[in-house]
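Below: the structure, in structure tokens.
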Amino acid sequence: MSIDETTAARVAKLARIKVEPEALPALAGEFNTILGFIEQLNQVDIAGVEPMTSVTPQVLKRRVDVVTDGDQQDKVLSNAPDAREGFFAVPKVVE
Amino acid sequence: MSKLNELSLSAARDALRAGETTSKELTEACLSAIEGAGALNAFVHHTPELALERAAAADARIAKGDAPGMCGLPIGIKDLFCTKGVPSQAGSRILEGFLPEYESTVSQNLADAGAVMLGKLNMDEFAMGSSNETSTYGNAVNPWRRGNDDAQLTPGGSSGGSASAVAADLCLAATGTDTGGSIRQPAAFTGTVGIKPTYGRCSRWGIVAFASSLDQAGPMTKSVRDAAIMLEAMCGHDPKDSTSADLPVPNFEAALSGDIRGKKIGIPKEYRMDGMPQEIETLWSDGIAMMKDAGAEIVDISLPHTKYALPAYYVIAPAEASSNLARYDGVRYGHRARLDQGDGITEMYEKTRAEGFGDEVKRRVMIGTYVLSAGFYDAYYNRARRVRTLIKKDFEDVFAQGIDAILTPATPSAAFGLGEMTDADPVAMYLNDVFTVTVNLAGLPGIAVPAGLDKQGLPLGLQLIGQPWAEADLLCTAHVLEQAAGFVAKPAKWW
């Protein structure tokens, strides 16, 4: 499978990373090199093999569904590039 | 006694307990070594005041007879660990200015055990790289050189700053993290010891996530004994990480009995790669002979899916990374791009991530996005997870045959020159992890031990792979290998 510039642009869009049009050919080339390497996986017989979900056979621990944390608004906002009146601020979302 | 910063953890610990030195003296020796080592670019955030404060507290504890395992011992912390009030950027521009409000469990465990943090260590951006050349801080530099050639070499990656700092005696030990080989490859490139424990041994809470099903923290040290001491302080169950194992932590140092008689050491034929340098081949044969001389039984084994480990890794790790790194959006922390008139939230995301991430991180996020996208999920991601099941089964099969540990080379070469791989395609760099990445995919413990020098005078390492949760046994075997190899070389100081 070969990735063209249109696909590279679509993937960049999905990943929310701005890529200038002139950078797309090189990017598509790199994708193809990496995907070409990954294609080796097609040689493996995977019939009847389950996809791994957990590398160690463990059951996730449960705990009582109660609030254990909170009331840390200042700390949560302390690293925000733009915080106002107790909220994260972002550019206008709705026209 | 050698210079204080040159001591091993165990020697420094014993000297502290015997009252021959103080944590303050040890810490000051390291701080002055760091000050003189700017050329290595290993420490990227310095915390001397915090260090001296913790050293004073440690000295007070020792005076009261309350000296836990790491009490008073100065160490470096990889930039991937969140440390309260101290910059924690994961080597990325996108986390510029980020000051965590919390402390990672592992660095907290070390602090509780009395360790003194000297500062934060350079690394590849988001731990993605094998040469420390993707860091926003610039390259970390290996203290080792090829004979009298002054070309700068990579300390490996992603824990390159950690490896460089330990090898150059800027600290007694350091933390690292390992997703595909990022502790073991830099350890091998710098003549130091690095262990990646079983997945789940160390809590991942507060460590910036790269690929959550593969990431593990571990110590990078000057000896196997030090690795045992520090690993014990780092690990333990943590309710804040749902994958953290609720198992007792053994006394790893007590396991270093020096006796491996009757142990079965597997030698996997698939690790004998075409085009492997003769020196690596010889190192491996020497290691096999050492194990045999120590009374171990050498068994030829097969791990048939080995060649598919790297391709599977380059689906799974980018897929998880694309998900984990979605959080860097310019809203909650770190860098936000300057916006143009009329830019909305999508432009903010796209510009912020384009400016904040380096090329390798962008590449992996986009590959991960692609393999998870509609129509390709089964063909790439699910296929890779099925192959991962087979890779783990390869190991289970040999352990079921009674194999105690597996001996392999740690890396396919010695440290290479910074910039030497710039023009190579990304896959050529990925091959650095060919011997280490299987261990992450199978969730096993693996340790790199320095075992010799190549003809240019650069260190080479061997890797031992253990059964799940059998770090104590693995460290015992590694200790025997270390003693037999007798690696004592140090880099000549040029920095």
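Protein sequences, first through last, are from chains G and E. Last residue of the first sequence? That's 95 in the working numbering, and every number before it is there in order. Last residue of the second sequence? That's 1495 in the working numbering, and every number before it is there in order. We treat Cβ as the ideally placed atom computed from N, Cα and C, and that holds for glycine. All values reported here derive from a predicted model rather than from experimental measurement.
Its chain contains 1365, 1368, 1369 as the residues whose beta carbon lies nearer than 6 Å to that of residue 1322 of chain E, once the 5 sequence neighbours on both sides are disregarded; these appear in chain order. In summary, the residues of the stretch 10-25 of chain G whose CB is separated from some CB of chain E by less than 9 Å are 10, 11, 12, 13, 14, 15, 16, 17, 18, 19, 20, in the order they occur in the chain. In the structure shown, the three-state DSSP call for residue 92 of chain G is coil. By the Cβ rule, the stretch 1376-1387 of chain E does not count as touching the stretch 1259-1276 of chain E, because fewer than three pairs are nearer than 8 Å.
Residue 1196 of chain E is a Cβ neighbour of residue 1178 of chain E, given a cutoff of 7 Å. Chain order gives the chain G residues near residue 1315 of chain E as 38, 41, where near means a beta carbon separation below 9 Å. Sixteen is the threshold: since fewer than 16 other Cβ atoms of the shown chains lie within 10 Å of the Cβ of residue 1300 of chain E, the residue is exposed. Contact between the stretch 1037-1046 of chain E and the stretch 1092-1101 of chain E is absent: fewer than 3 CB-CB pairs across the two stretches fall below 8 Å. Annotation: Cβ neighbours of residue 1098 of chain E in chain G (cutoff 8 Å, chain order): 79. Interface criterion not met: the Cβ of residue 1417 of chain E is under 7 Å from no Cβ in chain G. Secondary structure at residue 1299 of chain E: strand, using DSSP grouped into helix, strand and coil. Burial state of residue 44 of chain G is buried, judged by a 10 Å Cβ sphere holding 16 or more other Cβ atoms.
Proximity of the stretch 1153-1160 of chain E to the stretch 1170-1190 of chain E meets the contact definition, three or more beta-carbon pairs being nearer than 8 Å. Between residue 1181 of chain E and residue 1437 of chain E, the C-beta gap is smaller than 7 Å, which places the two residues in contact. For the stretch 1384-1412 of chain E, the set of residues with a beta-carbon nearer than 8 Å to any beta-carbon of chain G comprises 1384, 1385, 1386, 1387, 1388, 1389, 1390, 1392, in chain order. DSSP, read as helix, strand or coil, puts residue 1160 of chain E in helix.
When DSSP states are grouped into helix, strand and coil, residue 1143 of chain E belongs to the coil group. The distance from the Cβ of residue 1330 of chain E to that of residue 1306 of chain E is about 41 Å, inconsistent with a contact at the 8 Å cut-off.
The beta-carbon distance between residue 1067 of chain E and residue 1119 of chain E, rounded to whole angstroms, is 23 Å. This is too long to meet the 8 Å contact definition. When Cβ-Cβ separations below 7 Å define contact, residue 91 of chain G makes contact with chain E. Closest by C-alpha distance to residue 1225 of chain E, out of E/1483, E/1489, E/1495, E/1202, is E/1483. Taking a C-beta distance under 7 Å as the contact criterion, residue 1409 of chain E and residue 1144 of chain E do not qualify as a contact pair.
Cβ atoms of residue 1461 of chain E and residue 1188 of chain E come within 8 Å of each other, at about 3 Å.
Annotation: the stretch 1289-1361 of chain E contains the following complete segments of the alpha helix (DSSP H) (minimum length 4 residues), in chain order: 1309-1324, 1345-1356. Burial of residue 1416 of chain E is indicated by the presence of at least 16 other C-beta atoms within 10 angstroms of its C-beta. Secondary structure note for residue 1463 of chain E: its beta strand (DSSP E) is the uninterrupted segment 1459-1466.
7 Å or more divides the Cβ of residue 1147 of chain E from the Cβ of residue 1419 of chain E.
Annotated as proximal: residue 1008 of chain E and residue 1223 of chain E, with beta-carbon spacing under 7 Å. Annotated three-state conformation of residue 1177 of chain E is strand, per DSSP. Distance from the CA atom of residue 1431 of chain E to the CA atom of residue 49 of chain G, rounded to whole angstroms, is 26 Å.
Minimum Cα-Cα distance from residue 1014 of chain E among the listed residues E/1274, E/1153, E/1073, E/1102 corresponds to E/1073. In the DSSP assignment, residue 1268 of chain E falls within the beta strand (DSSP E) that extends over 1264-1268.
For residue 1044 of chain E, the enclosing beta strand (DSSP E) stretches over residues 1043-1046.
In the structure shown, residue 1196 of chain E adopts extended strand secondary structure according to DSSP, grouped into three states. DSSP places residue 1438 of chain E within a helical segment (H, G or I) once states are collapsed to three. Our two residues, residue 1086 of chain E and residue 1099 of chain E, have alpha carbons roughly 6 Å apart in a direct line.
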